[in-house]
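Quick notes on the structure that follows.
Residue numbers (our numbering), protein chains in the order written: chain R, 22 to 134; chain Z, 2 to 115.
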């Protein structure tokens with residue numbers, strides 16, 4: 022059973038607010054990922070990290086930013102939320118070696134009014 | 002670039018019937034294949050994976066998948082489905098060029114009816 026936690030699970034907030042979505046894992050995984058998923062659609066990678074102080078942009082352009090100061094923590098920040106940011110955001114992690122499967126959190130469903 | 006196609010967006014099936022969810026990927030020398038399930042309002046849970054070895058892979062909840070290199074396919078099967086199998090299923094692939102990153106298919110919504 023994966024130990025990866027995302028908070029909040031649901032967030033409804035007004036335009037222009039700064040938002041931070043939290044993601045923490047207790048498995049000691051080096052690799053962490055953020056995906057964006059619209060309802061009934063596929064997942065798109067927006068950020069990933071292969072370790073502390075390592076962050077890269079994913080395949081889908083995003084106005085969000087991430088940081089990786091600690092191995093277990095990979096927060097995602099939106100400086101000024103807009104309605105176009107409304108979506109579900111999923112965090113995942115995996116071991117560094119080989120092609121091990123990713124373990125997912127339950128996601129944050131974000132709605133910008 | 003690697004890509005994944007799930008051929009059916011929705012698959013309705015009656016309880017206790019067999020089901021096959023189809024997945025094709027673009028060709029690559031060595032690929033690593035995964036099936037995930039997503040229940041409503043939850044994240045993705047790993048069903049099974051193919052990294053190497055036997056082409057028939059068994060996963061959780063009675064699911065299995067077969068890796069077919071010549072047809073670049075990784076179809077998911079279950080001989081008898083339950084109502085509780087109703088969910089979204091995602092096929093994903095990675096290869097050396099992806100560095101461990103996953104490319105996901107569009108998803109297949111499995112709806113099991115009584």
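Where is the CB? At the ideal position from N, CA and C, for every residue including glycine.
None of the values given here were measured: they were computed from a predicted structure.
Any C-beta of chain Z under 9 Å from that of residue i
i             : result
residue 72/R  : no
residue 27/R  : yes
residue 38/R  : no
residue 68/R  : no
residue 115/R : yes
residue 93/R  : no
For residue j and residue i, believed in contact at Cβ under 8 Å, the rounded distance
i             : j             : result
residue 26/Z  : residue 5/Z   : 5 Å
residue 68/R  : residue 87/R  : 4 Å
residue 114/R : residue 48/R  : 6 Å
residue 40/R  : residue 92/R  : Wrong, their Cβ atoms sit about 23 Å apart, outside the cutoff.
residue 35/Z  : residue 103/Z : 7 Å
residue 117/R : residue 52/R  : 6 Å
residue 91/Z  : residue 37/Z  : 5 Å
residue 99/Z  : residue 7/Z   : The Cβ separation is near 18 Å, so there is no contact.
residue 47/Z  : residue 39/Z  : About 11 Å; that fails the 8 Å criterion.
residue 10/Z  : residue 107/Z : 7 Å
residue 80/R  : residue 46/R  : Their Cβ separation, rounded to whole angstroms, is 22 Å, which puts residue 80/R and residue 46/R out of contact at 8 Å.
residue 12/Z  : residue 109/Z : 6 Å
residue 123/R : residue 54/R  : 6 Å
Residue from the options with nearest C-alpha to residue i
i             : options                     : result
residue 107/R : 120/R, 97/R and 134/R       : 134/R
residue 66/Z  : 84/Z, 15/Z and 21/Z         : 21/Z
residue 58/R  : 32/R, 101/R, 31/R and 110/R : 110/R
residue 83/Z  : 111/Z, 97/Z and 107/Z       : 111/Z
residue 80/Z  : 101/Z, 105/Z and 62/Z       : 62/Z
residue 74/R  : 90/R, 103/R and 60/R        : 90/R
Interface flag, residue i vs chain R, CB-CB below 9 Å
i             : result
residue 95/Z  : yes
residue 63/Z  : no
residue 98/Z  : no
residue 101/Z : yes
residue 25/Z  : no
Within 9 Å, strictly: CB atoms of residue i and residue j
i             : j             : result
residue 128/R : residue 27/R  : yes
residue 56/Z  : residue 69/Z  : yes
residue 36/R  : residue 101/R : yes
residue 31/R  : residue 105/R : no
residue 49/Z  : residue 77/Z  : yes
residue 112/R : residue 56/R  : yes
residue 60/R  : residue 42/R  : no
residue 130/R : residue 42/Z  : yes
Endpoints, beta strand (DSSP E) assigned at residue i
i             : result
residue 57/R  : 52-58
residue 7/Z   : 5-7
residue 100/R : Run containing residue 100/R: none; DSSP gives neither H nor E here.
residue 91/R  : No beta strand (DSSP E) contains residue 91/R, which DSSP labels as neither H nor E.
residue 38/R  : Segment: none, residue 38/R is in no beta strand (DSSP E) and carries neither H nor E.
residue 13/Z  : 11-15
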